[in-house]
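These notes concern the structure reproduced below.
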Amino acid sequence: MKKTVTVVILAMCILLNCFPSFAAAQSGSRAMADVPESFRESIFLTDMGLSADQQKCLWRHAAAHGWSYKGTMEIYVLYVATSFFESGFKSHVKHYNPKNDTWDYGPMQVNSSNVPKLKKAGIIERTEDLMDPIKGLDAGCWMMDRCIEKYGITE
Numbered sequence: 496m497k498k499t500v501t502v503v504i505l506a507m508c509i510l511l512n513c514f515p516s517f518a519a520a521q522s523g524s525r526a527m528a529d530v531p532e533s534f535r536e537s538i539f540l541t542d543m544g545l546s547a548d549q550q551k552c553l554w555r556h557a558a559a560h561g562w563s564y565k566g567t568m569e570i571y572v573l574y575v576a577t578s579f580f581e582s583g584f585k586s587h588v589k590h591y592n593p594k595n596d597t598w599d600y601g602p603m604q605v606n607s608s609n610v611p612k613l614k615k616a617g618i619i620e621r622t623e624d625l626m627d628p629i630k631g632l633d634a635g636c637w638m639m640d641r642c643i644e645k646y647g648i649t650e
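Per our numbering, numbering of the sequence shown is gapless, rising by one per residue and ending at 650.
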């Protein structure tokens with residue numbers, strides 16, 4: 496867990512400090528319609544492998560919450576950092592966990608034990624959806640949102 500938190504903090508520092516135009520483009524935006532064109536076509540994230548559609552998907556999830564104690568930008572960066580850490584933004588990544596005989600799928604590496612919950616919620620229709628570039632991000636963000644709602648954001 497400490498490694499994940501460290502990666503998230505590092506990613507936030509990189510995105511917010513080393514790429515100030517990235518942060519400035521996001522300040523105050525709360526809805527997808529408000530996302531500046533410069534951000535939607537972000538060269539930095541696109542060059543790293545995150546398509547414009549994937550960026551919009553993550554931003555939509557972040558903007559949907561707008562938690563008052565954490566801005567939309569911070570939640571967005573959390574999603575981006577998680578996807579980068581888990582799969583390098585690759586949707587085809589699949590990992591077997593021999594200890595509990597489960598699989599992790601897609602850009603957010605959602606565990607197969609969560610598939611029934613995701614199907615019941617209407618997020619996915621089948622396990623293979625987790626390896627879709629957008630549906631996999633939707634599923635991962637949905638799972639992260641449930642954890643944040645349950646446990647809050649810890650420092």
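Don't be surprised by glycine CBs; every beta carbon is placed ideally from N, CA and C.
As the structure is a prediction and not an experimental result, all values here were calculated from the model.
{"Check": "The alpha helix (DSSP H) that contains Val-614, what's its start and end?", "Outcome": "At residue 614 the sequence reads Lys, which differs from the Val that was named. Start and end: 610 to 615."}
{"Check": "Cα-Cα, which of Ala-558, Glu-569, Val-588 and Ala-576 is closest to Asp-627?", "Outcome": "Val-588"}
{"Check": "Kindly give me the distance between the Cβ atoms of Leu-553 and Cys-642, rounded to whole angstroms, as I take these residues to be in contact under 8 angstroms.", "Outcome": "With 8 angstroms as the limit, Leu-553 and Cys-642 do not qualify as a contact, their Cβ atoms being about 16 angstroms apart."}
{"Check": "Enumerate in chain order the residues of its own chain whose CB-to-CB distance from Lys-630 is below 7 angstroms, with the five nearest sequence positions on each side excluded.", "Outcome": "Ile-619 and Asp-624"}
{"Check": "Among Asp-640, Asp-548, Tyr-646 and Gly-647, which one has its Cα closest to the Cα of Phe-584?", "Outcome": "Asp-548"}
{"Check": "Expressed to the nearest angstrom, what Euclidean distance is found between the alpha-carbon atoms of Asp-596 and Ser-608?", "Outcome": "10 angstroms"}
{"Check": "Is Gly-601 buried or exposed, if buried means 16 or more other CB atoms sit within 10 Å of its CB?", "Outcome": "buried"}
{"Check": "Go ahead and pull the three-state DSSP assignment for Lys-589.", "Outcome": "strand"}
{"Check": "Near Asp-599, which residues of its chain fall below 6 angstroms by C-beta distance, leaving aside the five closest residues on each side in sequence?", "Outcome": "His-590 and Asn-606"}
{"Check": "Using a 10 Å radius around the Cβ and a threshold of 16 neighbouring Cβ atoms, would you call Ala-634 buried or exposed?", "Outcome": "buried"}
{"Check": "Going by alpha carbons, who is nearest to Ser-582 out of Asn-592, Ile-570 and Met-603?", "Outcome": "Met-603"}
{"Check": "How many Å lie between Ala-576 and Leu-613 at the Cα?", "Outcome": "22 angstroms"}
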